[in-house]
Each structure stands twice: as C-alpha cells, then as structure tokens.
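> For what it's worth, the numbering used here labels the leading residue of the sequence shown as 129, then goes sequentially.
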Amino acid sequence: MAGQSDTPYLDALRAYAARDPGRFHVPGHKGGAGADPGLVEDFGERVFRLDIPALTYGIDVGDEPTPFVAAQRLAAEAWGARRTWWLVNGASQGNHVALLTLGHLGDCVVTQRNAHSSTIDALIVSGLRPTFVSPELDPELHIAHCMTPEALDRALEETPDAVGATVVSPTYFGAVADVAALAEVAHRHGVPLVVDEAWGAHLAFHEQLPAQALSLGADLVISSIHKVVGSLTQSAMIHLGHGGLIEEPVVDRCVTLVESTSPSAILNASLDAARRMAATRGRELVGETLAALEGTRGAIREIPGLDVLDERLAGAPGVFDYDPLRLAIDVRGTRMSGYELARRLREEHDVLMELAGENVMVAVYGMGEDATAASERLLAALRGVIESTSEAERDAAAVQFTAPPPWGELVMTPREAFLGPQEVVAARDAVGRVAAESLAAYPPGIPNVLPGERLTTETLDYIEQTIAHGGSLRGASDRELRTLRVAVES
Ligand SMILES: Cc1ncc(COP(=O)(O)O)c(C=O)c1O
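Below you can see the structure in the form of structure tokens.
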C-alpha cells in the first residue's frame with residue numbers, strides 16, 4: 129500500500145516515459161519530437177515525455193487501484209477527506225462542481241455576496257437561486273471579512289428552501305471564519321456547508337494555524353493547492369467531508385461535467401508531488417515560513433506609516449481566527465493607497481504584490497519557499513519607496529475613496545438574467561432595469577452588480593465616478609459603461 133512518502137501517479141508517469149513506448153495517441157507533440165524546438169529548450173524535454181493523455185493503461189486505466197486512484201486516496205488521507213478529486217481548472221472548477229452538486233438537492237442556496245467570481249459563474253451554470261449574505265465589512269480597513277454564523281442562521285431562516293450554504297474562508301486578507309459554528313448552523317437547518325478554502329490548503333499541516341474546514345464539519349471544501357502549497361498553476365482539489373449530506377457519486381459526476389476529457393498529466397503529477405511535500409514536510413516547512421514571517425511583520429511595523437494585519441484582527445466581526453502565513457500590509461499611515469504603493473514597488477523595484485487595495489496590500493508566501501530571502505527583497509523595496517516619497521508627493525497621492533452603495537435587489541436568478549432575453553441600452557437608461565452582466569468597479573473590485581440584480585442610480589453613479597477617477601470596470605461588456613446589457617422583462 130502506498131504511503132504519504134510515495135507519489136504513485138508521478139511514479140507511473142515516470143515509468144511510462146522510461147519505457148519509451150510507441151506513442152500513437154495524443155498529444156501531437158509525441159513526447160517532444162513534434163513540439164516547437166524553442167519550447168522544448170525552454171521547458172526541457174522531460175516535461176514533454178511526461179505529458180500523456182487520460183485513459184492510459186497503467187496510469188488511470190488497468191488494475192485497481194490505478195496510480196491515479198491511489199494518488200487521490202493519499203490526498204484524501206492527507207487532508208482528512210472522505211474522498212478527494214484533483215481538479216485541473218483551479219478552485220474555480222471546484223466552485224462550479226460544488227454548486228452543481230447542490231443543484232442536485234434543490235434550487236436555492238445561501239451564498240456570501242462577495243464570493244469569488246467563479247462562485248457567481250457557478251450560480252449561472254447551476255441555475256441556483258441565491259440568497260445573498262453580506263460578509264462583515266471592516267469599517268476602518270475597508271475590506272470584507274467572513275460571514276458570521278448568526279448571519280447564516282438568519283439567511284437560512286429566511287430561505288427555507290435552501291439546499292446548502294457556501295462561505296469563503298480564509299479571505300484574501302487572511303481572516304478565517306468560525307467554520308465549526310457555521311457548519312453547526314447549516315446542519316441544524318439540515319443543509320450542507322460548502323467552504324471555499326481556496327486560500328487555506330496549508331492549514332492542515334501545522335498546529336499553529338487555524339484548523340482547516342474539513343476538520344470542523346464542512347461538507348465540501350474547495351482547495352487551491354497551487355496558491356500556497358506549491359503545485360502548478362491551475363491545479364486544485366475538492367474534498368468531500370465525512371457528513372452524509374452530500375452523495376459522493378453526485379460530486380464525481382459534477383467533476384467530470386466541468387472538466388476537460390484531456391486533463392493535464394503534468395498538473396495532476398504536480399498535485400501528487402505537492403501532496404507528498406505537504407504531508408511529509410508540511411509541518412517543518414510551514415514552521416520555518418511562520419518564523420520568517422514573524423520577523424518580517426516586526427520589520428514592516430518599523431517602516432514609517434506601515435503596519436500589518438495579524439492575530440489581533442481575530443475577534444473583529446467576521447474574523448474568528450487569522451492565518452499567519454498571509455502577509456497583509458496596512459498602508460494607511462503612509463497616506464498613499466495600496467494601489468499607488470504597489471505601482472511604485474513594481475515600477476521602481478520589480479516587486480509584484482498579489483493584491484493591492486485602498487488600505488491593504490497582500491504579499492503571498494508559498495509554504496515551501498525561502499521566506500527569509502523573499503522578505504529581505506520585499507523589505508528593501510518597501511523601505512526604498514517609503515523613504516523616497518516626499519510629504520508633498522503623499523499629499524498629491526492621498527485619495528478619498530467613497531463607500532460603494534448598497535447592492536440592488538435580486539429579481540431573477542443569475543442564470544435567468546445571463547441567458548435570458550436581453551438588450552443593450554445606454555447606461556443612463558439602465559436605471560431600474562435588471563443587469564444581465566456583472567459590474568465590479570476597481571478599486572476595490574467587489575462586484576457592485578451581479579446578473580439578476582436591479583440597477584440603481586446610486587450604483588451607476590458610483591461606477592461612473594470610479595471610472596472617471598482612473599479606475600476600471602470588470603465583468604462588463606462595455607468597460608467604459610457607455611452601454612450595458614440588461615434583461616428584457618416580460
Ligand atoms: C476565494 C477564492 N476562490 C476561488 C478562487 C479561484 O481559484 P483558482 O484561481 O485556483 O481557480 C480564488 C482565486 O483567487 C479565490 O480567491
């Protein structure tokens with residue numbers, strides 16, 4: 129029986145490549161011979177040799193358990209799941225799978241309003257009717273935290289037809305929800321809890337980290353392994369919990385429904401190897417990264433105007449715990465916005481942040497990277513920008529961001545609005561109409577409008593002002609908001 133130090137899938141690929149079989153199957157690069165030589169030089173021949181299709185005997189077809197099955201069982205064991213599926217279209221695919229799975233149980237769901245765009249897309253794909261719950265908004269940092277158990281309870285009371293609830297934890301900024309209480313509330317209402325733990329794949333591997341959602345009673349957990357744990361971009365997993373509210377064959381069916389019939393062996397192999405690293409060395413690696421980040425936080429606090437988010441945030445509304453592997457930098461004291469600071473870091477030091485907002489910038493650290501060396505570079509760049517900015521420049525950069533207006537009433541499901549009859553109208557004629565597309569003004573990028581919501585004067589004014597001040601608009605077919613797609617209501 130394979131153990132956590134083994135990589136059955138990666139080993140099977142390696143054995144296949146070593147045999148050098150006759151490759152009369154896709155992909156057409158034929159192990160590299162048919163690929164562009166420049167690409168082979170850049171990637172290395174080995175990648176092409178290991179890049180084989182699905183349904184290959186001895187890898188995912190043949191004696192059970194195949195290496196493909198055995199490797200996913202090891203992943204389930206490592207994260208403590210009833211069953212785990214590898215995903216090759218990211219945690220985005222995981223959200224599609226989760227909502228399609230809930231769609232087998234009925235047609236209403238309770239969803240966090242500021243969920244990732246893939247959850248909104250999943251509402252379109254599944255046709256589920258959402259009852260949106262606002263996350264707790266931080267009045268000082270102007271960022272969204274998590275959904276509280278009380279808010280979930282109220283929403284489930286108001287939505288007796290709900291067949292499940294979906295929440296996000298941790299957030300981009302490292303806030304962790306009270307998943308145990310959320311699961312208890314959902315289960316009291318007889319429905320499963322889906323946790324989008326895209327940012328928390330590492331939580332399972334160190335006791336100083338907040339507990340992972342699966343261990344707290346979540347029924348379905350989406351995990352973006354590539355974000356922090358070190359697999360290749362686009363690779364992720366979805367874990368089924370041990371409660372009985374979700375049927376395993378339904379998840380299985382939904383995974384295949386939104387997956388290519390040619391999943392990348394390279395991505396899959398990277399998941400197998402990342403699982404081995406996390407299971408066998410995760411505790412040691414996370415421990416080193418946490419120690420390095422503690423030093424980094426101290427050093428950032430000494431830079432004039434900068435502060436960091438940390439466990440002091442726990443206890444704020446919507447923050448049960450804090451993920452110390454996330455580095456979120458509070459820039460308010462500099463009188464520059466996070467956007468401005470991130471731009472300067474990029475232009476002057478070639479240092480790129482994961483996310484920049486009005487008051488907070490987020491730097492992502494991988495579980496296994498040399499965090500001390502990475503932090504030295506970040507600290508030098510931060511000091512460089514802060515020290516070279518005069519008071520006059522800060523005055524010029526200081527911007528007042530207004531709070532976005534409340535969300536419009538949801539009058540159709542996102543699917544009805546997105547796929548139903550629609551027309552293009554001038555933005556000024558769209559007030560009172562139902563949006564057929566999403567509108568998210570950057571900054572700050574939280575969707576102002578989702579398909580199915582009624583458009584208000586306040587929201588359209590707010591978006592127009594943001595664009596006029598140099599911001600941008602995501603999700604819209606006309607990014608200048610001259611026109612807008614709206615539903616034709618019967
Ligand atoms: C909360 C959340 N869920 C899902 C995703 C999608 O993850 P992926 O890029 O792996 O598809 C993201 C991406 O940033 C995210 O922040």
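Virtual Cβ for every residue (Gly too), placed ideally from N, Cα, C.
Just so you know, these numbers come straight off a predicted model, no measurement behind them.
Could you pull the start and end residues of the alpha helix (DSSP H) that Ala145 belongs to?
Reading the sequence shown from its first residue, position 17 is the one you call residue 145. Start and end: Pro136 to Arg147.
> Which residues in the same chain have their Cβ closer than 8 Å to the Cβ of Thr408, if we skip the five residues on either side of it in sequence?
Numbered from 1 along the sequence shown, position 280 holds the residue referred to as residue 408. So the list reads Gln132 and Ser133, once near-sequence residues are dropped.
> If you follow the beta strand (DSSP E) that Leu601 is part of, which residue opens it and which one closes it?
Here residue 601 refers to the residue found at position 473 of the sequence shown. Per DSSP, Leu601 belongs to the beta strand (DSSP E) from Ser600 to Arg602.
> Report the three-state DSSP secondary structure of Gly190 (helix, strand or coil).
Numbered from 1 along the sequence shown, position 62 holds the residue referred to as residue 190. It is coil, neither helix nor strand.
> Quick check: what's the CA-CA separation for Gly162 versus Glu173?
Residue mapping note: residue 162 aligns to position 34 of the sequence shown, counting from 1. Residue mapping note: residue 173 aligns to position 45 of the sequence shown, counting from 1. Whole-angstrom Cα-Cα distance: 11 Å.
> From what residue to what residue does the beta strand (DSSP E) around Trp213 run?
Counting from 1 along the sequence shown, the entry for residue 213 is found at position 85. Unbroken beta strand (DSSP E) run through Trp213: Arg211 to Leu215.
> Start and end of the alpha helix (DSSP H) containing Gly222?
Here residue 222 is taken as the residue at index 94 of the sequence shown, counted from 1. From DSSP, the alpha helix (DSSP H) with Gly222 extends over Gly218 to Gly231.
> From this set, Val313, Gly328, Ala309 and Ser566, which residue's C-alpha is nearest Ser297's C-alpha?
By one-based count along the sequence shown, residue 297 stands at place 169. Measuring from the Cα of Ser297, the nearest candidate turns out to be Gly328.
> Measure from the C-beta of His273 to each C-beta in chain D and report whether the shortest distance is under 8 Å.
In the displayed structure, chain D is absent; only one protein chain is listed.
> Tell me, please, whether the region 350-362 touches the region 221-228 by the rule of three or more beta-carbon pairs shorter than 8 Å.
Contact between the region 350-362 and the region 221-228 is present, because at least three Cβ pairs lie under 8 Å.
> Do the CB positions of Gly446 and Met405 come within less than 8 Å of each other?
The count along the sequence shown starts at 1 and reaches residue 446 at position 318. The count along the sequence shown starts at 1 and reaches residue 405 at position 277. Against a cut-off of 8 Å, the Cβ pair of Met405 and Gly446 comes out as no contact.
> Where does Asp249 sit, in a helix, a strand or coil, going by DSSP?
The sequence position of residue 249 within the sequence shown is 121, counting from 1. Of the three classes helix, strand and coil, the one that applies to Asp249 here is helix, per DSSP.
> Please go through the same chain and pick out, in chain order, the residues whose beta-carbon is closer than 6 Å to the beta-carbon of Gln221, but skip the five residues on each side of it.
As a working note, residue 221 is residue 93 in the sequence shown. Hits under 6 Å: Leu215 and Val386.
> Going by the C-beta, is Asn223 closer than 7 Å to any heavy atom of ligand 1?
Residue 223 sits at position 95 when you count from the first residue of the sequence shown. Yes; taking the cut-off as 7 Å, the Cβ of Asn223 has a heavy atom of ligand 1 nearer than that.
> Identify the continuous beta strand (DSSP E) that holds Thr594 and give its terminal residues.
Along the sequence shown, read from residue 1 onward, the residue named residue 594 stands at position 466. Where Thr594 is concerned, there is no enclosing beta strand (DSSP E), although the alpha helix (DSSP H) it sits in stretches over Thr585 to Ala596.
> Pick out the complete alpha helix (DSSP H) segments inside the region 334-391, 4 residues or longer, and give them in chain order.
353-356 and 376-385, all fully within the region 334-391.
> Which whole-angstrom value describes the C-beta separation of Ala308 and Met275, a residue pair presumed to lie in contact below a C-beta threshold of 8 Å?
To locate residue 308, count along the sequence shown from 1; it is residue 180. To locate residue 275, count along the sequence shown from 1; it is residue 147. So it is not a contact: roughly 14 Å between Cβ atoms.
> Fully enclosed by the region 473-526, which beta strand (DSSP E) runs are 3 residues long or longer?
With a minimum length of 3 residues, the continuous beta strand (DSSP E) runs that stay inside the region 473-526 are 488-492.
> Can you tell me the Cβ-Cβ gap for Pro136 and Ala130, rounded? I've got them flagged as a contact below 8 Å.
The sequence position of residue 136 within the sequence shown is 8, counting from 1. The sequence position of residue 130 within the sequence shown is 2, counting from 1. Right, the Cβ-Cβ distance comes to about 5 Å (below 8 Å), so this counts as a contact.
> Below 8 Å on the Cβ atoms is my guess for Ala569 versus Tyr590; work out the distance and round it to an integer in Å.
Taking the first residue of the sequence shown as 1, we reach residue 569 at position 441. Taking the first residue of the sequence shown as 1, we reach residue 590 at position 462. Contact holds; Cβ gap of about 7 Å.
> How far does the beta strand (DSSP E) with Leu321 in it reach, from first residue to last?
Counted from its first residue, the sequence shown places residue 321 at position 193. Run containing Leu321: Leu321 to Asp324, per the beta strand (DSSP E) assignment.
> So is the beta-carbon of His244 under 7 Å away from any non-hydrogen atom of ligand 1?
As a working mapping, residue 244 is identified with position 116 in the sequence shown. Yes, since a heavy atom of ligand 1 falls inside the 7 Å radius drawn around the Cβ of His244.
> Report yes if the C-beta of Val296 is less than 7 Å from at least one heavy atom of ligand 1; otherwise report no.
Here residue 296 is taken as the residue at index 168 of the sequence shown, counted from 1. For ligand 1, at least one heavy atom lies less than 7 Å from the Cβ of Val296.
> What does the Cβ neighbour count give for Phe333, buried or exposed, with the cut at 16 atoms within 10 Å?
Within the sequence shown, residue 333 is the residue found at index 205, counting from 1. Per the 10 Å Cβ criterion, buried.
> Do Ser343 and Gly208 come within 8 Å of each other at the CB atom, strictly closer than that value?
The residue given as residue 208 occupies position 80 in the sequence shown. The residue given as residue 343 occupies position 215 in the sequence shown. Contact: yes.
> Using a 10 Å radius around the Cβ and a threshold of 16 neighbouring Cβ atoms, would you call Arg505 buried or exposed?
For the purposes of this step, residue 505 is taken as the residue at position 377 of the sequence shown. The residue in question, Arg505, is exposed, as its Cβ has fewer than 16 Cβ neighbours within 10 Å.
> So Ile457 is in the beta strand (DSSP E); what residue range does that whole segment cover?
The count along the sequence shown starts at 1 and reaches residue 457 at position 329. From DSSP, the beta strand (DSSP E) with Ile457 extends over Arg454 to Asp458.
> From the DSSP output, which residues share a beta bridge with Val291?
If you number the sequence shown from 1, residue 291 lands on position 163. Val291 is not bridged to any residue.
> Give me the Cβ distance between Val238 and Leu202, rounded to the nearest whole Å; I'm assuming they're in contact under 8 Å.
Position 110 of the sequence shown, counted from the first residue, corresponds to residue 238. Position 74 of the sequence shown, counted from the first residue, corresponds to residue 202. Not a contact, Cβ separation roughly 33 Å.
> Between the region 371-389 and the region 466-482, do three or more beta carbon pairs fall short of 8 Å?
No, they do not touch.
> Is it buried or exposed, Ser605, if we count other Cβ atoms within 10 angstroms and call 16 or more buried?
For the purposes of this step, residue 605 is identified with residue 477 of the sequence shown, where counting begins at 1. Exposed is the call here.
> Take Pro195 and list the residues in its own chain whose beta-carbon comes closer than 6 Å to its own, dropping the five residues that flank it on each side.
In the sequence shown, residue 195 corresponds to position 67, counting from 1. For Pro195, where only same-chain residues beyond five positions count, the Cβ hits under 6 Å are Pro136, Tyr137, Ala140 and Ile187.
> Do Val488 and Leu265 come within 8 Å of each other at the CB atom, strictly closer than that value?
For the purposes of this step, residue 265 is taken as residue 137 along the sequence shown, with counting starting at 1. For the purposes of this step, residue 488 is taken as residue 360 along the sequence shown, with counting starting at 1. Not in contact: Leu265 and Val488 (Cβ atoms no closer than 8 Å).
> So, helix, strand or coil for Glu581, using DSSP?
For the purposes of this step, residue 581 is taken as residue 453 along the sequence shown, with counting starting at 1. Here Glu581 sits in strand by DSSP.
> Per DSSP, Val296 is paired with what?
Position 168 of the sequence shown holds residue 296. Answer is Asp324, bridged to Val296.
> For Gly443, is the beta carbon positioned less than 7 Å from some heavy atom of ligand 1?
What you label residue 443 is simply residue 315 of the sequence shown in a count that begins at 1. Outside the cutoff, so no.
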